[in-house]
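A short write-up of the structure that comes next.
Chains as they are written, first to last, in this note's numbering: chain A, 1360 to 1551; chain B, 9 to 204; chain C, 10 to 267.
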């Protein structure tokens, strides 16, 4: 290998360094411009999901973090009475994490659920958990739910064809919310 | 522990990096014609993947702490490129046999989306260091499994009478489709083993 | 040499003659991964085109400044910066696209089309030609993705352009009267049929790509052009590879490849 003169090493280094500095500055600038917008979009998506699962609520409390997989907000009506809870629960689906918003009324029954994110589920199969025909099965359910493949009885949820794992992941999030409610929130009328 | 095994099995079978997530298709199609090149390439990929995960994990912590998470892509790709170069130099100098086996694949790995893909995925899923390493290993082994299996399939295909217009890449892709289809059958394995 | 080429030709070559996906076999990963719907395909195509044009312009402008020894890392930094900028803009203005494309948005960095064009074209040609080349390649990439996406979405999901509002959100709410693509599922159900889900699964992606490649080869054959091959010629690291006196091995690999 031939010897490098100092100049031969210095010039490439400086050029590369300059390119890095310029691009880092540009990125910092773009980040400053878009940061707030991105944060507000995320907050907005969450707020609209909360409203969707608790349609009667007028306002929500700040989120309370129960553990790293579960957090909840208390929903209030016009007179500031607690009318239910909006849980955000994560679980492992088929291809990675899925996040579900679960609404429970003060009796611990499901008002409605919505899928917040399921990016890694298979399109055409696992992604079908976002369909209303599947999600609406949960409305009004109470207590431990299980997933079945044929016609469901009480406290049973019919899995989506060829997406049993994604279906049962959603069911587990609902179970987690109900379980948390029964253990920590049931009975107390004015939590929050 | 159960979760770690689940990660490994998922990377290997249910969410195979190549066949169901489409990372690293170029080498999968390009260097899978012979078994030994397939093994060499995937060994090099596993090696670089593990090194890249180990190197980017602390760097990412640093970036997040300083509110610089938006630099992730730029920093990670540079780390990977530098790492590949360094590994190449070290191997060439100190481990000649290994260099002879893996050397020619190393420069190709910088632009292999499987490596950057797994690093970004680890960050996205918020894995701990151990989880990230296991996930990377699963992804790498999954890559190797797909490469080796596919090399076998292509060897068989050599002696087949393939219609003229399908010869070459088209039939290779259709064969890949069938291999991918067979991996669908592993779908329930993680849940079936009670790992989730 | 660049001066002899016409701009129009530079643009159209990316569309058909040197279509990056179907002729040069570049960027196969996103081609397979994001074509489950036409909307995703268009989104990915536009994002990649923007990065391609911008990085081609910058790299062409800097081609005399960047020492050849560090050109690959320099190219990578330029490309990665544009990718991150595009990613942030997409997150801020077209959030649904960000969720749909997932990791494949940042992975535009390692899309061989972009580094490949930087290395093979932009580092040797003037700015205007490089920009036009990037635009042509980007449009060709988008067109190929849309073709794949059309087959996969129509056959696999029974829809066409579903979720297009997620993209049109750029131009305001309820563009085209809130039209959100065609849905043939009702008609299919009426006929007692179901979409062939297989086509949006990974296996279907490989299959459709294989068939399209066969058709492209057939057409190329009819025009007396060689078949598309995956090998060192299309690899952006080829120069890096052959410079290592491993010439014979690289050539061997090229022969191996398909």
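Positions of the beta carbon are idealized from the N, C-alpha and C atoms, including for glycine. As the structure is a computational prediction, the values presented were derived from the model and not from experiment.
The Cβ-Cβ distance between residue 129 of chain C and residue 85 of chain B does not fall below 7 angstroms.
Taking 7 angstroms as the Cβ-Cβ cut-off, the segment 1380-1403 of chain A approaches chain C at 1382, 1385, 1386, 1389, 1390, 1393, 1396, 1397, 1400, given in chain order. In the structure shown, the three-state DSSP call for residue 165 of chain C is helix.
With three or more CB-CB distances shorter than 8 angstroms, the segment 89-109 of chain C counts as touching the segment 177-184 of chain C. Identification of chain C residues near residue 184 of chain B by a Cβ-Cβ cut-off of 7 angstroms yields 215, ordered along the chain. About 5 angstroms separates the Cβ atoms of residue 64 of chain B and residue 127 of chain B, confirming a contact at the 8 angstroms cut-off. Taking a beta-carbon distance threshold of 7 angstroms, residue 151 of chain B does not count as an interface residue toward chain A. For residue 232 of chain C, there is no enclosing beta strand (DSSP E), as DSSP marks it with neither H nor E. Straight across, the Cα-Cα distance linking residue 152 of chain B with residue 176 of chain B is about 22 angstroms. Per DSSP, reduced to three states, the secondary structure at residue 1460 of chain A is strand. Taking C-beta separations shorter than 8 angstroms and ignoring five residues to either side along the sequence, the partners of residue 20 of chain B in its chain run 146, 149, 150, 153, following chain order. Using beta-carbon distances, residue 100 of chain C counts as an interface residue toward chain A, with a partner under 7 angstroms. Only residues of its own chain outside the window of five on either side were considered, and among them 40, 41, 180, 183 have a CB closer than 8 angstroms to the CB of residue 162 of chain B, listed in chain order. Contact between the segment 205-224 of chain C and the segment 157-166 of chain C is established, with three or more Cβ pairs separated by less than 8 angstroms.
Counting the other Cβ atoms within 10 Å of the Cβ of residue 116 of chain B gives 16 or more, which makes it buried.
The C-alpha of residue 1517 of chain A is placed about 53 angstroms away from the C-alpha of residue 142 of chain C.
At a cut-off of 7 angstroms, the C-beta of residue 89 of chain C has a neighbouring C-beta in chain B. Boundaries of the alpha helix (DSSP H) around residue 36 of chain B: 33-38. The beta carbon of residue 25 of chain B sits no closer than 7 angstroms to any beta carbon of chain A. The CB of residue 202 of chain C never comes closer than 8 angstroms to any CB in chain A; the least such distance is about 15 angstroms. Residues of chain A whose Cβ lies closer than 7 angstroms to the Cβ of residue 104 of chain C are, in chain order, 1400.
Secondary-structure assignment with DSSP links residue 1441 of chain A through a beta bridge to A:1435. Within the same chain, 109, 110, 113 come within 7 angstroms of residue 48 of chain B by CB-CB distance, once the 5 residues on both sides are set aside. Taking C-beta atoms as the reference points, residue 38 of chain C and residue 33 of chain B count as a pair closer than 7 angstroms. Counting other Cβ atoms within 10 Å of its Cβ, residue 170 of chain B stays below 16 and is therefore classed as exposed. In the three-state reduction of the DSSP assignment, residue 175 of chain B falls in the coil class. Where residue 1426 of chain A is concerned, the enclosing beta strand (DSSP E) starts and stops at 1423-1426. Taking the beta carbon of residue 28 of chain B as reference, the chain C residues within 7 angstroms of it are 211, listed in sequence order. Here DSSP, grouped into helix, strand and coil, assigns residue 21 of chain C to helix. The shortest CA-to-CA distance from residue 192 of chain B to any of C:228, C:201, C:150, C:210 is the one to C:210. Here the alpha carbons of residue 1422 of chain A and residue 1443 of chain A stand approximately 13 angstroms from one another. Between residue 61 of chain C and residue 147 of chain C, the gap from beta carbon to beta carbon is short of 7 angstroms. Chain B places no beta carbon closer than 7 angstroms to that of residue 63 of chain C, leaving this residue out of the contacts. Annotation: the segment 13-78 of chain B contains the following complete segments of the alpha helix (DSSP H) (minimum length 4 residues), in chain order: 33-38, 43-73. Closer than 7 angstroms to the CB of residue 1483 of chain A there is not a single CB belonging to chain B. About 16 angstroms separates the beta carbon of residue 60 of chain B from that of residue 97 of chain B, a gap too long to meet the 8 angstroms contact definition.
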